[in-house]
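Line by line, the protein sequences give chains A and B.
Once you know that position 124 of the first sequence is 138 in our numbering, the rest is easy, because the numbers rise by one and skip nothing.
Once you know that position 260 of the second sequence is 282 in our numbering, the rest is easy, because the numbers rise by one and skip nothing.
Just so you know, even glycine gets a beta-carbon here, dropped at the ideal spot from N, CA and C.
Report on one structure; see the data block that follows.
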Amino acid sequence: MSASAATHDDHHDDHHDDHGPAKGFMRWVYTTNHKDIGTLYMITSLIMFMIGGAMALVIRLELFEPGMQYVDPGFFNQMTTLHALIMVFGAVMPAFAGMANWMIPIMIGAPDMALPRLNNWSFWLLPFGFVMLASTLFMEGGAPAAGWTLYPPLVLQTGDSFPFTIFTIHILGISSIMAAINIITTVLNMRAPGMTMMKLPLFVWTWVITAFLLIAVMPVFAGAVTMLLTDKYFGTSFFNAAGGGDPVLYQHLFWFFGHPEVYILILPSFGIISQIIPTFARKPLFGYSSMVYATASIGLLSFVVWAHHQYTVGMPIAGELYFTYATMLIAVPTGVKVFNWISTMWRGSMTFETPMLFAIAFVMLFTMGGFTGLMMSISPADLQYHDTYFIVAHFHYVLVPGSVFALMAGTYYWLPKWTGYMYDERLGKLHFWLTTISVNVTFFPQHFLGLAGMPRRIPDYAVQFAEFNAWSSVGAFVFGFSQLLFIYIIIKAVRGGQKATDEVWEGASEHGLEWQLPSPPPYHSWITAPFVK
Amino acid sequence: MRKLRLWLAGLGLAFLWGQAEADYTLNLTEGVTELSRDVHDLHMVIFWICVAIGVLVYGLIIYSIANHRKSKGAIAADFHENTKLEIVWTVIPFLILIGMAIPATRVMIKIYDTSGADMTIKVTGYQWKWRYEYLDEGLDFFSTLDADSNRARQTGSGIRPASVDNYLLNVDKPLVLPTHKKIRFVFTGADVLHSWWVPALGWKKDTIPGFITEAWANIEQEGTFRGQCTELCGRDHGFMPIVVVAKPESEYRAWIAEQKSAGAAAKADATREFSMDELMARGKTTYESNCAACHQATGEGIPGMVPAISNSPVATGPIAQHLDVVLNGKGAMMPAFRETLSPVELAAVVTYQRNALGNGMADMIQPSAIKSN
Numbered sequence: 015m016s017a018s019a020a021t022h023d024d025h026h027d028d029h030h031d032d033h034g035p036a037k038g039f040m041r042w043v044y045t046t047n048h049k050d051i052g053t054l055y056m057i058t059s060l061i062m063f064m065i066g067g068a069m070a071l072v073i074r075l076e077l078f079e080p081g082m083q084y085v086d087p088g089f090f091n092q093m094t095t096l097h098a099l100i101m102v103f104g105a106v107m108p109a110f111a112g113m114a115n116w117m118i119p120i121m122i123g124a125p126d127m128a129l130p131r132l133n134n135w136s137f138w139l140l141p142f143g144f145v146m147l148a149s150t151l152f153m154e155g156g157a158p159a160a161g162w163t164l165y166p167p168l169v170l171q172t173g174d175s176f177p178f179t180i181f182t183i184h185i186l187g188i189s190s191i192m193a194a195i196n197i198i199t200t201v202l203n204m205r206a207p208g209m210t211m212m213k214l215p216l217f218v219w220t221w222v223i224t225a226f227l228l229i230a231v232m233p234v235f236a237g238a239v240t241m242l243l244t245d246k247y248f249g250t251s252f253f254n255a256a257g258g259g260d261p262v263l264y265q266h267l268f269w270f271f272g273h274p275e276v277y278i279l280i281l282p283s284f285g286i287i288s289q290i291i292p293t294f295a296r297k298p299l300f301g302y303s304s305m306v307y308a309t310a311s312i313g314l315l316s317f318v319v320w321a322h323h324q325y326t327v328g329m330p331i332a333g334e335l336y337f338t339y340a341t342m343l344i345a346v347p348t349g350v351k352v353f354n355w356i357s358t359m360w361r362g363s364m365t366f367e368t369p370m371l372f373a374i375a376f377v378m379l380f381t382m383g384g385f386t387g388l389m390m391s392i393s394p395a396d397l398q399y400h401d402t403y404f405i406v407a408h409f410h411y412v413l414v415p416g417s418v419f420a421l422m423a424g425t426y427y428w429l430p431k432w433t434g435y436m437y438d439e440r441l442g443k444l445h446f447w448l449t450t451i452s453v454n455v456t457f458f459p460q461h462f463l464g465l466a467g468m469p470r471r472i473p474d475y476a477v478q479f480a481e482f483n484a485w486s487s488v489g490a491f492v493f494g495f496s497q498l499l500f501i502y503i504i505i506k507a508v509r510g511g512q513k514a515t516d517e518v519w520e521g522a523s524e525h526g527l528e529w530q531l532p533s534p535p536p537y538h539s540w541i542t543a544p545f546v547k
Numbered sequence: 023m024r025k026l027r028l029w030l031a032g033l034g035l036a037f038l039w040g041q042a043e044a045d046y047t048l049n050l051t052e053g054v055t056e057l058s059r060d061v062h063d064l065h066m067v068i069f070w071i072c073v074a075i076g077v078l079v080y081g082l083i084i085y086s087i088a089n090h091r092k093s094k095g096a097i098a099a100d101f102h103e104n105t106k107l108e109i110v111w112t113v114i115p116f117l118i119l120i121g122m123a124i125p126a127t128r129v130m131i132k133i134y135d136t137s138g139a140d141m142t143i144k145v146t147g148y149q150w151k152w153r154y155e156y157l158d159e160g161l162d163f164f165s166t167l168d169a170d171s172n173r174a175r176q177t178g179s180g181i182r183p184a185s186v187d188n189y190l191l192n193v194d195k196p197l198v199l200p201t202h203k204k205i206r207f208v209f210t211g212a213d214v215l216h217s218w219w220v221p222a223l224g225w226k227k228d229t230i231p232g233f234i235t236e237a238w239a240n241i242e243q244e245g246t247f248r249g250q251c252t253e254l255c256g257r258d259h260g261f262m263p264i265v266v267v268a269k270p271e272s273e274y275r276a277w278i279a280e281q282k283s284a285g286a287a288a289k290a291d292a293t294r295e296f297s298m299d300e301l302m303a304r305g306k307t308t309y310e311s312n313c314a315a316c317h318q319a320t321g322e323g324i325p326g327m328v329p330a331i332s333n334s335p336v337a338t339g340p341i342a343q344h345l346d347v348v349l350n351g352k353g354a355m356m357p358a359f360r361e362t363l364s365p366v367e368l369a370a371v372v373t374y375q376r377n378a379l380g381n382g383m384a385d386m387i388q389p390s391a392i393k394s395n
């Protein structure tokens, strides 16, 4: 591999300028360059994050006080459904895919992704998918309103938007599967000499495992929603008891996809945090191999715990108990990861630039989500927690100060590398504090609401829930508007500022190949493969 | 001095806590059944385990942040693995989990044991009301959001929720149950999934169309216990509360007898001739609690989503077709009211829709002319 790359170089050295980016808009349409595609993914993700966030603010506005003030309950349900679909498939997944595209070739010493044309296609499917999903808002009967889980029979009451929702999922699924194939192929075949699997940076490892999860579960989801489609339009009865089907079968299929899916949203975060903490603690990652094994264990366990989302559907007691035990087990490898991060910080020489602040907040607040997750694994107790604001608090703790914080940490960490300019550290810290305080004001009171008896997905509530809902709404608006600052900081860094060094962070060149390339790196990353000791 | 300050801080916290308790609660209810207490105990045990682990984890992180920082001259150590440590923090959490799994299993087995019940209640979830059937008594009725809450919850109603008694947690007809009896519940759904949850009983159970799920409760205390539907079931998911009233056996028996004679009287009443005024009055209340949420109190509907009743071809066309739409529903949004409304209510609401809301058909239909269930 490396030998042929070298001869290729010798022959074409003087043609290299021809391979630079094309000019104008068509550069982005035709591009097969991993950095261009990575950038496209991340810009898309940021746009979807703002749209999904605006929908969250509609929800929080209506929930600010008891009584129905602003929207119709049906529209409220459309907002909760679209908010979730957009945040999961539009904001978080493309952001991780973008970072993978940008960083994986650089981190393993490759010139580009293994399958560049496939890469172009997997990105360019997304805008069509999202436009189709957004267009459902304007259709007869409105956007889908049955929740992102799309449970039948309710979802079969969706109006004209129903098939468009299903096709959106098909398109996004194809895109994800192709991206996953590309990442696995790249990592298995394009590593620089000396870069053995057990030397891969953790971000690459977590993405490889994520990619396997994607390939395994996306087809299941696509199949399940196709069965919904035929139930509605072609007279099948997969999920209709009157025709010999079972509505709960859909839930099993959905969560067989859905549980690995939530780990798809968190495993790459683990990778990013495992890159950042060693850099700013100026110490190697503690327990590298146990981190790899823990991630793989979490990936494997994710396939065998799905029905813990369905403790209330009346499974046989054996199923109830099995899923309880299997789910509790996940706490073990997750705990190992947290302890390893703490040991990495321990007796380090830490500095607290914005990426490190977000990474530490991630460890602390993700752990909070882990605790509530452990509580909910206890099935008898979950009969109380299930479908209340307690679960809303739980999954927002793992997804917002979890996944989203990891993405922000990663953005600040690699932004100087991507743009060649340092971001404004003072503004970055301001963004961190605004975000961290407001995220807790938003989601912490929701634990109390759930325990006190407030169900989720309701547009209006009894008056005893008023205080904490008001808190939560205030927090949400501060959180939402703080993200405008994030966008401003990114734009400012793209446009210029203090030049970044190759290493960017003090001593970072010991922590990964990306810090050995110039900032910004050349259009084709590693023309000559580096040799990894 | 230090001790004094601690005491003061503690008092302050206690005061705040007391304040908070006045309006809202922070924690899970202990409930009024053996099961709900067991679940509450499990919840508290796992909560305190999490608190203990949290103190350890957050303590280590905060200590490290405070001391191992470059600005304090800390020099990075070089250690990066320790197999013994890895084994320790794999095995200890595993043992804690086994310690949790044992009581959890015991409680779950108890929750699943519906044998030896004294009576059975069948609960059916409808969009958006509950149907309660006392299988041993032959008693059968629907329970819907009460009229006050329903008026106040319409978008832009201008009624302050705080002025409504038990806003959104009150129904027209509560489920009355005896105390100190093992009550078996069987659940099913009529249209979509719902979930029946009264926190004081300690569990919730999904109602699934075409399937039966089970649960049980033995209520140890008299009182009124409130809950809600917890599975998204469409537009009015937030507006189908549950109210359980627990009474001693003797009062419960008296209530059953009263319901049975009232039911017989209503059935007999339905066969007589109703006047226009009677139907219109009855129709107005039926309209407000069953139709107004979507078609609006004015009958104008929601443009693009819900058709109007005012001057609509249905409400101003042949009465038989009008009745057919109400009985059997239409499309994905309009539910069938064949089962959920009585013949009197059906006749009244059809008559009302044809002679109010801007319509003036001047015709009517008698309850005796309706052959529903």
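### Query
Which of the residues in the region 325–339 of chain A, read from start to end, lie with their CB under 7 Å from any CB of chain B?
THR326, VAL327, GLY328, ILE331, GLU334, LEU335, THR338, TYR339
### Task
Would you list the residues sitting across from GLU16/B in a DSSP beta bridge?
For chain B, the structure presents residues 23 to 395; residue 16/B sits outside this window and is missing.
### Under 8 Å by beta carbon: chain B residues contacting ASN91/A
LEU254, GLY256, ARG257, HIS259
### Query
If the cut is a Cβ gap below 8 Å, which residues of chain B does ALA295/A touch?
HIS90, ALA98
### Query
What did DSSP end up calling LEU197/B once you bin it into helix, strand or coil?
strand
### Task
Output yes if chain B places a C-beta closer than 8 Å to the C-beta of HIS97/A; else output no.
no
### Query
Expressed to the nearest angstrom, what Euclidean distance is found between the alpha-carbon atoms of LEU563/A and ASP401/A?
No information on residue 563/A is available, as it lies outside the stretch 15 to 547 that chain A covers here.
### THR163/A to PHE404/A span [Cα, whole Å]
18 Å
### Query
With C-beta atoms as the reference, is LEU243/A less than 8 Å away from PRO177/A?
yes
#### Entry: Distance, THR348/A Cα to SER304/A Cα
11 Å
### Task
Look up PRO535/A in the DSSP assignment and say whether it is helix, strand or coil.
coil
### Query
Do you know whose CA, among HIS445/A, VAL201/A, THR46/A, THR95/A, lies nearest PRO369/A's CA?
HIS445/A
### Query
Under a Cβ-count criterion, where at least 16 other Cβ atoms within 10 Å of its own Cβ denotes burial, should LEU197/B be classed as buried or exposed?
buried
### Nonlocal neighbours in the same chain, by C-beta distance under 6 Å from ALA160/A, ignoring five residues either side
LEU168, VAL169
### Query
Using Cβ-Cβ distances below 7 Å, what residues of the region 355–373 of chain A are close to chain B?
ILE356, MET359, TRP360, ARG361, GLY362, SER363, MET364, THR365
### Query
Below 8 Å between beta carbons: does that hold for MET121/A and LEU527/A?
yes
#### Entry: Close Cβ partners of ASN377/B (< 7 Å) along its chain, the five nearest in sequence each way excluded
MET302, MET383, ALA384
### Query
Sorted by chain position, which residues of the same chain lie with C-beta nearer than 7 Å to GLY224/B's C-beta, five sequence neighbours on each side aside?
GLY53, THR55, LEU57, SER58, VAL61
### Query
Looking at the unbroken alpha helix (DSSP H) that takes in SER311/A, where does it start and where does it end?
302–315
### Task
Compile a chain-ordered list of the residues in the region 134–153 of chain B whose CB is closer than 8 Å to at least one CB of chain A.
TYR134
### Query
Who pairs with HIS216/B in a beta bridge, going by DSSP?
THR229/B
#### Entry: Under 8 Å by beta carbon: chain B residues contacting VAL352/A
VAL79
### Message
Among the candidates LEU279/A, ALA420/A, THR338/A, whose CA atom is the shortest distance from the CA of MET378/A?
### Response
ALA420/A
### Task
Per DSSP, which residues does ASP171/B bridge with? Please list them.
In the sequence on display, residue 171/B carries Ser and not Asp. SER171/B is not bridged to any residue.
### Task
Taking C-beta pairs closer than 8 Å, name the residues in chain A that ALA174/B reaches, listed in chain order.
GLY81
### Task
Name, please, each residue of chain B whose Cβ falls closer than 7 Å to the Cβ of PRO298/A.
HIS102
### Query
Residues in the region 382–400 of chain A with C-beta within 7 Å of chain B's C-beta atoms, listed in sequence order?
PHE385, LEU388, MET389, ILE392, SER393, PRO394, ALA395, LEU397, GLN398, HIS400
#### Entry: Interface partners of GLN243/B on chain A, CB under 8 Å
Per Cβ cutoff of 8 Å: no residues; GLN243/B is ~17 Å from chain A at best.
### Task
Return no unless some Cβ of chain B is closer than 8 Å to the Cβ of THR210/A.
no
### Message
Could you check whether the Cβ of LYS226/B sits closer than 8 Å to any Cβ belonging to chain A?
### Response
yes
### Query
DSSP state of ILE344/A, grouped into three classes?
coil
### Task
Could you give the DSSP three-state label for TRP446/B: helix, strand or coil?
No information on residue 446/B is available, as it lies outside the stretch 23 to 395 that chain B covers here.
### Rounded C-alpha distance that separates ALA44/B from HIS461/A
Here ALA44/B scores only 42 on pLDDT, less than 50, and its place in the model should not be relied on; the value that follows carries that caveat. The alpha-carbon atoms of ALA44/B and HIS461/A are separated by roughly 18 Å.
#### Entry: Contact set between LEU119/B and chain E, taken where Cβ atoms lie within less than 8 Å
The structure shown contains no chain E; its protein chains are A and B.
### Task
Would you check whether the ligand PLP has a heavy atom nearer than 7 Å to the C-beta of LYS195/B?
Ligands displayed in this structure: none; no statement on the ligand PLP is therefore possible.
### Query
Where do the ends of the alpha helix (DSSP H) carrying PRO263/B lie?
From DSSP, PRO263/B is part of no alpha helix (DSSP H) but of the beta strand (DSSP E) over 263–269.
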